[in-house]
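Those protein sequence lines, which keep their order, are chains F and R. Residue 37 in our numbering is what sits at position 37 of the first sequence, and the numbering runs on without skipping anything. All you need for our numbering is the position in the second sequence, starting with 1, plus 1000. Beta carbons: idealized from backbone N, C-alpha and C, even for Gly. All of these numbers come straight from a predicted model, not from anything done at the bench. Please read the structure below before turning to the comments.
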Amino acid sequence: MAISTTKSASQEVTILLGDTFDFSCVDEFRRAYEQVDHADCKRFVIDFRNTQYMDSSALGMLINMEKFWREHEASICIINANQQLKKIFSISRFDKKFNIE
Amino acid sequence: MDGPLLRVAGVACSWLVLIVLIYAVDNRHLPALWALVTAAVTLWPVLRGTSADIEDSAVDDDHAALMQLRVLDQQVNAFIGPICAELVSLSTQVQQVIDESIQKLYTSFNGLNSHSAAQNELMIGIANRVSGAEQEATENVDPVTLNDFAAEVGRILDTYVQLFVDVSEKSVQAVHKIQDMVSQLDGMFSLINDIRGIADQTNLLALNAAIEAARAGEAGRGFAVVADEVRKLSQDSNKLNDDIRRRAEAAKETITTVESVVSEIASLDMNIAIDAKGQLDGMIKELEDVNEHVAKGVAQLTEISGQITGEVNTAVTALQFADIVGQTATKIQGKAGEVETVVALAHGQSALAQSLPDLLADTCQKLNDLAEQQAAAASGAETGDDSDSAEIELY
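In structure tokens form, the structure reads like this:
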């Protein structure tokens, strides 16, 4: 499993991504956030500490996740992204939609 | 003292007077001249007194000296006249040459000034155009500046990146739907398996019914036909089931192909966008540097242009020396006239005088009158000079 989901704190779920975050992860990533209990999660943390590469489908996946959880009022936070990934988030104006730390 | 010595003294005195006259072209020298002539007149009786014992012979000598003096006077007159005329002509030439050159220099400097101003205006126009400081409201088309261009390119790049993100989002959404469809198809396969199971059981039932019908003998013959038909139906059902499975498998395969196509659409390497963005930022920075450089250059040019104007103005002011030279040339002409007057006076006196003492006394008197006239004229000219200098025509 390239993607692992853990309950890191009360009403907080951390999704730890693998080495690459691209189209091959679509199914796995979708399951990672759709299977979480709606009532027991107010905050998602997506951890990019292991991720070296992502393509534009990663952005599509994140937007789909944001749309899915918007109606359940959960916030999404992106952490530990490297310089290159931060540049991608900045160019695609993701810093306006997500909380990037 | 004897006659020849007296003649020599008289001739020397006359010469002295003439030489002084020639050189005394300036009013300031006239009093000195007057003093010299007075001295000569005062000296004359003394010379005469000391020579009283030889007065008779001196009368003849006196007459001869007068004659020599007249001859000499004519020679001097003939010598001085052309010099004065040439002096006047030369000073006129100087005046003309200076006037012409000054006019040319003035035109040239004025041209330099206006060209420098035009050059400055042009540079400021270019700089404003480049930096966008000045929008020409009179033209319908807005002038495109480098900054506008860079901003527009940046905006277009942003739009494209946004387009990538939108395409990816929709693609991922499509993949989600495709996966939903695949799971529906998987559900259909399990249903098809259920139908196959039912058909197999029906087939088995029909077989049992056929066996039971055979055991019943003649009475079961009709039932055997029904059992056979049911068995055929179950076999047809299985065949149909296989068809449905094949179609469903083909559909699943197609959907998988669609998914891979969508994956290609969704998966764009974002590093291209990053590189483009980086290059754009670099270009914008470079353009800003160029603008700054141009602005600095124009500021320097404006400064230099101001310096040129200042220096040209200094040169034009300096060109007013032409007026001073012109006035000086006029003065030289006047002075040449005065020299001529004095020489003519001396000439006239020597031609009319009956004796050397009379000649000297008359000449002194005339020179005195002339000095007074010139002094009066000079004081008038001086007051006039002030207004003249105030009225020097400035180019």
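Which residues bound the alpha helix (DSSP H) around residue i?
i: residue 26 of chain F; result: 26-34
i: residue 75 of chain F; result: Here residue 75 of chain F belongs to no alpha helix (DSSP H); instead the beta strand (DSSP E) covers 75-79.
i: residue 1208 of chain R; result: 1146-1215
i: residue 90 of chain F; result: 83-91
i: residue 1302 of chain R; result: 1270-1318
i: residue 1338 of chain R; result: 1321-1352
i: residue 94 of chain F; result: 94-97
i: residue 23 of chain F; result: Element bounds for residue 23 of chain F: n/a, residue is neither H nor E.
i: residue 1218 of chain R; result: Unbroken run through residue 1218 of chain R: none, as it is neither H nor E.
i: residue 58 of chain F; result: 56-70
Relative to the alpha-carbon of residue i, which residue among the options has its alpha-carbon at the smallest distance?
i: residue 1328 of chain R; options: R:1187, R:1369, R:1098, R:1267; result: R:1098
i: residue 1244 of chain R; options: R:1367, R:1189, R:1302, R:1345; result: R:1189
i: residue 89 of chain F; options: R:1359, R:1308, R:1270, R:1309; result: R:1270
i: residue 38 of chain F; options: F:87, F:68, F:27; result: F:68
i: residue 1089 of chain R; options: R:1330, R:1210, R:1199, R:1264; result: R:1330
i: residue 1072 of chain R; options: R:1272, R:1300, R:1108, R:1351; result: R:1351
i: residue 1176 of chain R; options: F:73, F:95, F:83, F:30; result: F:30
i: residue 85 of chain F; options: F:70, F:71, F:59, F:41; result: F:59
i: residue 989 of chain R; options: R:1256, R:1174, R:1074; result: With chain R covering 1001 to 1395 only, the question about residue 989 of chain R has no answer from this structure.
i: residue 25 of chain F; options: R:1282, R:1186, R:1015, R:1179; result: R:1179
i: residue 6 of chain F; options: F:41, F:96, F:87, F:97; result: F:41
i: residue 1012 of chain R; options: R:1171, R:1059, R:1068, R:1279; result: R:1068
i: residue 1083 of chain R; options: R:1375, R:1369, R:1333; result: R:1333
i: residue 35 of chain F; options: F:96, F:94, F:97, F:13; result: F:13
i: residue 1320 of chain R; options: R:1091, R:1060, R:1095, R:1173; result: R:1095
i: residue 93 of chain F; options: F:56, F:47, F:74; result: F:56
i: residue 100 of chain F; options: F:10, F:27, F:65, F:47; result: F:47
i: residue 1305 of chain R; options: R:1102, R:1100, R:1078, R:1119; result: R:1119
i: residue 1187 of chain R; options: R:1230, R:1322, R:1240, R:1248; result: R:1248
i: residue 1299 of chain R; options: R:1121, R:1236, R:1168; result: R:1121
i: residue 1101 of chain R; options: R:1323, R:1371, R:1359; result: R:1323
i: residue 1345 of chain R; options: R:1070, R:1062, R:1059; result: R:1070
Looking only at its chain, what residues have a beta carbon closer than 7 Å to the beta carbon of residue i, apart from the 5 residues adjacent to it on each side?
i: residue 1138 of chain R; result: In this prediction, residue 1138 of chain R scores a pLDDT of 48, lower than 50, which makes its location untrustworthy; the coordinate-derived value is nonetheless stated afterwards. Same-chain partners within the cutoff: there are none.
i: residue 1191 of chain R; result: none
i: residue 1362 of chain R; result: 1349, 1353
i: residue 1259 of chain R; result: 1175, 1178
i: residue 1087 of chain R; result: 1332, 1336
i: residue 1091 of chain R; result: 1329, 1332, 1333
i: residue 9 of chain F; result: none
Which same chain residues end up closer than 8 Å to residue i when comparing Cβ atoms and leaving out the 5 residues on each side of it in sequence?
i: residue 1308 of chain R; result: 1112, 1113, 1116
i: residue 106 of chain F; result: Outside the displayed range of chain F (1 to 101) lies residue 106 of chain F, so it cannot be described from this structure.
i: residue 1297 of chain R; result: 1123, 1127
i: residue 1273 of chain R; result: 1157, 1160, 1161, 1164
i: residue 1238 of chain R; result: 1196, 1199, 1200, 1203
i: residue 19 of chain F; result: 2, 50, 51, 52, 53
i: residue 72 of chain F; result: 38, 41
i: residue 1214 of chain R; result: 1220, 1224
i: residue 1081 of chain R; result: 1340, 1343
i: residue 1262 of chain R; result: 1171, 1174, 1175, 1178
The beta strand (DSSP E) that contains residue i, what's its start and end?
i: residue 9 of chain F; result: 4-9
i: residue 1249 of chain R; result: Not the beta strand (DSSP E): residue 1249 of chain R falls in the alpha helix (DSSP H), residues 1221-1266.
i: residue 14 of chain F; result: 12-16
i: residue 44 of chain F; result: 43-47
Less than 6 Å between C-beta atoms, sequence neighbours within five positions excluded: which residues of the same chain meet that for residue i?
i: residue 1379 of chain R; result: none
i: residue 1287 of chain R; result: 1146, 1150
i: residue 1066 of chain R; result: 1356
i: residue 1109 of chain R; result: 1312, 1315, 1316
i: residue 21 of chain F; result: 51, 54, 58
i: residue 32 of chain F; result: 3, 5, 15
i: residue 1107 of chain R; result: none
Residues within the segment 30-54 of chain F neighbouring chain R, beta-carbon criterion of under 8 Å: 30, 54
Proximal residues, the segment 6-28 of chain F versus chain R, C-beta separation under 7 Å: 22, 23, 26, 27
Members of the segment 1252-1283 of chain R that neighbour chain F once the beta carbon cut-off is set at 8 Å: 1263, 1266, 1267, 1268, 1269, 1270, 1271, 1273, 1274, 1277
The segment 1174-1198 of chain R: positions lying closer than 7 Å to chain F by Cβ: 1175, 1176, 1179
Inter-stretch contact (C-beta, 8 Å, three-pair minimum) for the segment 1188-1204 of chain R and the segment 1215-1227 of chain R: no
The segment 1145-1177 of chain R: positions lying closer than 9 Å to chain F by Cβ: 1157, 1158, 1161, 1162, 1164, 1165, 1166, 1167, 1168, 1169, 1170, 1171, 1172, 1173, 1175, 1176
Touch test, the segment 1252-1262 of chain R against the segment 1209-1218 of chain R, Cβ-Cβ under 8 Å, three pairs minimum: no
Contacting positions in the segment 71-90 of chain F - beta carbon closer than 8 Å to chain R: 84, 87, 88
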